[in-house]
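Residue numbering for the sequence shown is 30 to 100, as defined by the working numbering.
Contents: one structure, followed by commentary.
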Amino acid sequence: MKGAEGLDLTHGNEILLADSPQEFANQVIAILKDPELRQQLASRGQKQVKENYNWPAIMPDFISLLEEIVK
């Protein structure tokens with residue numbers, strides 16, 4: 030789905046995805062109506078970000094990108 034491409038997140042596990050305004054509205058309503066779903070998505074999403082998008086995890090790719098730019 031556009032907007033989440035390249036992210037290692039799974040719809041319904043760490044994130045809710047939508048391809049249309051109506052789907053987006055439905056997802057927002059779903060998390061507003063379901064506090065447990067909201068908490069699960071938040072917890073899993075935070076865990077995924079802390080594990081995969083911290084400086085030690087992204088620094089090697091970032092350094093490689095910078096090295097390519099300065100070549």
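Ideal Cβ placement from N, Cα and C applies to all residues, glycine included.
Keep in mind it's a predicted model, so treat the numbers as computed, not measured.
- A direct Cα-to-Cα measurement between Glu80 and Asp90 gives close to 15 Å.
- Residues Phe53 and Gln56 of the same chain have their beta carbon placed closer than 6 Å to that of Ala47, with the five preceding and five following residues left out of the count.
- The alpha-carbon separation between Leu38 and Gly74 amounts to approximately 8 Å.
- In this structure, Arg67 lies away from Ile58, with their beta-carbon atoms at least 9 Å apart.
- The criterion of a C-beta distance shorter than 9 Å is not satisfied by Leu70 and Glu97.
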